[in-house]
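Chains as they are written, first to last, in the working numbering: chain L, 256 to 625; chain Y, 24 to 330. Using N, Cα and C, we set each Cβ at its ideal position, and we do this for glycine too.
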Amino acid sequence: MAAADSTDTLVSIQGVTKDFGGTLAVDGIDLEIRRGEYFSLLGGSGCGKTTLLRMLGGFETPTSGRIMIDGQDMADVPAYRRPVNMMFQSYALFPHMSVAQNVAFGLEQEKVVKSERDDRVAEALSMVQLGEYGRRKPHQLSGGQRQRVALARALVKRPKLLLLDEPLAALDRKLREKTQFELANIQVKVGITFIMVTHDQEEAMTLSDRLAVMNAGRIIQVGTPGDIYEFPANRMVGEFIGTINVFEGTADLADGSVHCPALPCPIVLEDKIAADPESQVAIGIRPEKMRIRKAGSAPSEAAPASNFLTGKVEDIAYLGDLSIFHVRLADGRIVQVSRTNTTRRRDEPLTWEDTVEVEWDPQAPVVLHQ
Amino acid sequence: MTDTAADRVADSPALSASRGRLIGILIPTAWLLLFFAIPFLFVIKISLSEAAYSVPPVSDFLIWQDGWPVLQATWANFALILDDPLYLQALLGSLRIAAISTLLTLLIGYPMAYAIARAEPGMRTPLLLLVILPFWTSFLIRVYAWSTLLQDQGMINSALMWLGVIDDPMRMLNTEFAVQLGIVYSYLPFMILPLYATLERLDGSLLEAAADLGARPATTFWRVTLPLSLPGVAAGCLLVFIPAAGEFVIPELLGGPDTLMIGKVMWQEFFNNRDWPVASALATILLLLLIVPILLLDRTQSRAEQG
């Protein structure tokens, strides 16, 4: 993917490292971000995502490596000359200026004439549905309104690249969901490349065209939300994004199956395993890719020879649309299986302590590298 | 001002219980009443009396006539002050000298406070300690030391002559320059500390946001840092201006006969002329004049709290 032709690439991060007095916050990152893309940097706190974003904005200097934006090396370009704007996590609205003055500030620095400036401020404020609020001071606005002022202030300069530092973190859940869609719509409308930092995997999955999962200053995996969810590069990514059941076992290359001591029969994968014979591998299966039923209610009498397990229902979480079953295996480990509640009444309701059978298709398991 | 201070105390959640609120208002109010309002009423009383050969050297405020108290108040002291250009000149001179030295203190103190607030966190406390270190020595001694530095044969003149910058000693001691210098030197910490407090609290992401929006460092300073530090500027200016306007020691030790400051005049009235009523009237007028900047500060601060 990084080999896409260079006109398509807006941001090119080449071997960038940031050393904060002996700790590597960012450890040799290579990344290409395409024009017009909504890209997310996803990871837990301290993974280096914010430091990387701040280096793009010009607020930190890389210890080594190079950052190119639109073909231009950013090494000696101070923050105030970069074709980049940032939406700060705290929003950083100027408290002594009105909403309109906040939005106009960036245009004043560009010496945009007053009539055009007023038009663009009005346009930016109406885009975020704050057309009536120009005269208010930031402290007279709600959290969600402040967030939108910050967005308008960053977008009014029509940057090539917009950086968003945890843009939704300060909002409550309901507002966050609503704002997610607004943010995505605005991005499509203005066509500006967005790079967002977030620790919230759901947010990253919902909003991004592509995302990078980071850990300990490095990028673990880059891909579309679908790629990352369905083909996690390793166990850490699989466990960070969504829920995954992990089984360790020995690969048998003769028939492409994996023998796990925890399971009564081998796991057979559709994809061939590229591993040394007899080597230990970890297999991940997502809860929604497993089917659960009461023991003995199978259509055929014989137990399947592969991709099958039995256990007892330990816990049930009824979420309305889904039910999540915690199934305890014979050795005590818990497997999570989810089931969509497609009907209002179940013919065979599952309840606690029921013995259940769980099975899955050969395309469901994925090999997780360590 | 006292009301808002009391409100702020009462607003803190720990004291939100009504009893805590009451105590929070009562203590500063009682303090002000006991140590400011009541003594000041005495001063006003004296300012409305006549000088007399007695102990204390003022006429009785109330005299008893036929079993009834009769008020013996007179505006004569105020009339005298307003009539005699000497007093008005001293008052205006004090305000002028205090205003100029406050401005100089601000110009010197702001960059220092800014530098301390932007220094590495570990360096800030040592730097602040250096700012208040002069307080370890008596104020009187430090001002007196300046008089030896500034005199014609003092270190500054000898050094300049030795370097060949000047041929004859400059007259510095007993000039208004020396008074300004003394005030700026003595009151600089009172300017730096409130400025530091506001600048240190300033949200760094606001400065980054300004840079992000294309503002050069100088623009960021004028449009963001300075406006947001105005409460500190106002507090620092008041802390310097008010005591400087009534300053007595510095003009006495460093000023000449032509530097008229109200503190010196008050001293003369009080101790040399033993005219307590005129001295009290002067004190009353000075206080009334100084209330104006305090009210202005109160307004800027309440505006700053809103926005």
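Take Ile499/L, set aside five residues on each side of it, and the residues of its chain with a beta-carbon closer than 6 Å to its own are Gly493, Gly539, Arg541, in chain order.
If you ignore the 5 residues before and after Ala302/Y, its C-beta comes within less than 6 Å of the C-beta of Met289, Glu292, Phe293, all in its own chain and listed in chain order. Of all residues in the region 123-153 of chain Y, none has a C-beta nearer than 9 Å to a C-beta of chain L. At a beta-carbon threshold of 8 Å, the residues of chain Y lying near Glu365/L are Gly237, ordered along the chain. By the beta-carbon neighbour count (other beta carbons within 10 angstroms, threshold 16), Met329/L is buried. Each residue's CA atom was taken as its position, placing Arg390/L and Arg465/L some 38 Å apart. Around the beta carbon of Thr606/L, a 10 Å sphere encloses fewer than 16 other beta carbons of the protein chains shown; the residue is thus reported as exposed.
When DSSP states are grouped into helix, strand and coil, Ala359/L belongs to the helix group. Ile104/Y counts as buried, since at least 16 other C-beta atoms from the protein chains shown sit within 10 angstroms of its C-beta. In this structure Trp299/Y is not in contact with Pro62/Y, their Cβ atoms being roughly 14 Å apart against a cut-off of 8 Å. Taking every protein chain shown into account, the CB of Val315/Y has fewer than 16 other CB atoms within 10 angstroms, so this residue is exposed.
Pro212/Y counts as buried, since at least 16 other C-beta atoms from the protein chains shown sit within 10 angstroms of its C-beta.
The straight-line gap separating the alpha-carbon atoms of Ala306/Y and Val66/Y is approximately 8 Å.
Taking one beta carbon from each stretch, the region 201-208 of chain Y and the region 268-286 of chain Y have 3 or more pairs nearer than 8 Å; the two touch. Judged by pairs of C-beta atoms under 8 Å, the region 302-321 of chain L does not touch the region 347-354 of chain L, as fewer than three such pairs exist. Residue pairing of Glu612/L in beta bridges, as defined by DSSP: Arg548/L, Thr565/L. A distance below 7 Å between beta-carbons, with the five flanking residues on each side excluded, links Val445/L to the following residues of its chain, in chain order: Leu410. DSSP places His394/L in the helix class (H, G or I) of the three-state scheme.
For Leu229/Y, the chain L residues whose C-beta falls within less than 7 Å of its own C-beta are Ala347, Phe349, listed in chain order. In the same chain as Glu199/Y, and ignoring 5 residues on each side of it, the C-beta atoms closer than 6 Å to its own belong to Thr282, in chain order. Contacts with chain Y at 8 Å (Cβ-Cβ) include Tyr335/L. At a C-beta separation below 7 Å, Pro250/Y has these neighbours in chain L: His351. Counting only residues of its own chain and dropping the five nearest sequence neighbours on each side, Cys260/Y has a CB closer than 7 Å to the CB of Thr125, Leu129. Apart from the 5 residues on each side of it in sequence, Pro254/Y sits with its Cβ closer than 7 Å to the Cβ of Thr221, Thr323, Gln324, Ala327 in its chain, given in chain order. If you draw a straight line from the Cα of Phe162/Y to the Cα of Ser209/Y, it is about 8 Å long. Pairing Tyr573/L with Arg42/Y, the inter-Cα distance amounts to about 49 Å.
Counting C-beta pairs with one atom in each stretch, the region 412-431 of chain L and the region 308-327 of chain L have three or more that are closer than 8 Å, which means they touch.
Taking Glu543/L as reference, the option from Asp427/L, Ser370/L, Gln618/L, Arg290/L with the minimal CA-CA separation is Gln618/L. A contact between stretches requires three or more CB pairs, one per stretch, nearer than 8 Å, and the region 263-270 of chain L meets this requirement with the region 314-331 of chain L. Residue-level contact check: Asp190/Y does not touch chain L, since none of the beta carbons of chain L fall below 8 Å from its beta carbon.
Only residues of its own chain outside the window of five on either side were considered, and among them none has a CB closer than 6 Å to the CB of Phe158/Y. Rounded to the nearest whole angstrom, the CA to CA distance from Arg372/L to Glu365/L is 10 Å. Here Ile322/L carries a strand assignment [DSSP, helix/strand/coil].
Between the C-alpha atoms of Phe58/Y and Leu218/Y there is a straight-line separation of about 28 Å. Distance check between Phe294/L and each of Arg600/L, Arg588/L, Gln442/L places Gln442/L closest, using alpha-carbon atoms only.
The C-alpha of Ile579/L is placed about 10 Å away from the C-alpha of Asn596/L.
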